[in-house]
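Numbering (the numbering used here), first residue to last: 6 to 102. Quick reminder that beta carbons are idealized off the backbone N, C-alpha and C, glycines included. Have a look at the structure below before the remarks.
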């Protein structure tokens, strides 16, 4: 539990010792990936809303559910790629760990 608290930066003594996975990534890149995920989620919402126009019942919730899922999956993928970016992981060809 303490490792998780340290990773989130909630443990006072471990704040200086723990390194966040996206350290070294510029704010421009972080905001750009978030805006790209939001634009993709909005596009999914618009398309599914258009395809299901006039739907009633549970089908009226499908565009929102699809958009939320797209935003979640897109943000997870972009966060993972930022954490595993070129600046953070060693080059396997160099032989260094």
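- Candidates 35, 7, 8: closest to residue 87 by CA position: 35
- Query: Closest by CA to residue 80, which one among 57, 8, 41?
  - Reply: Ranking 57, 8, 41 by Cα distance to residue 80 puts 41 first.
- DSSP three-state call for residue 58: helix, strand or coil? coil
- Should residue 72 be labelled buried (16 or more other beta-carbon atoms within 10 Å of its own) or exposed? buried
- Does the Cβ-Cβ distance between residue 83 and residue 38 come in under 8 Å? A Cβ-Cβ contact shorter than 8 Å links residue 83 with residue 38.
- Measure the C-alpha to C-alpha separation of residue 64 and residue 43 and round it to an integer number of angstroms. Pairing residue 64 with residue 43, the inter-Cα distance amounts to about 22 Å.
- Taking the C-alpha atoms as reference points, what is the distance between residue 54 and residue 33? 31 Å
- Message: DSSP three-state label for residue 8, please.
- Response: helix
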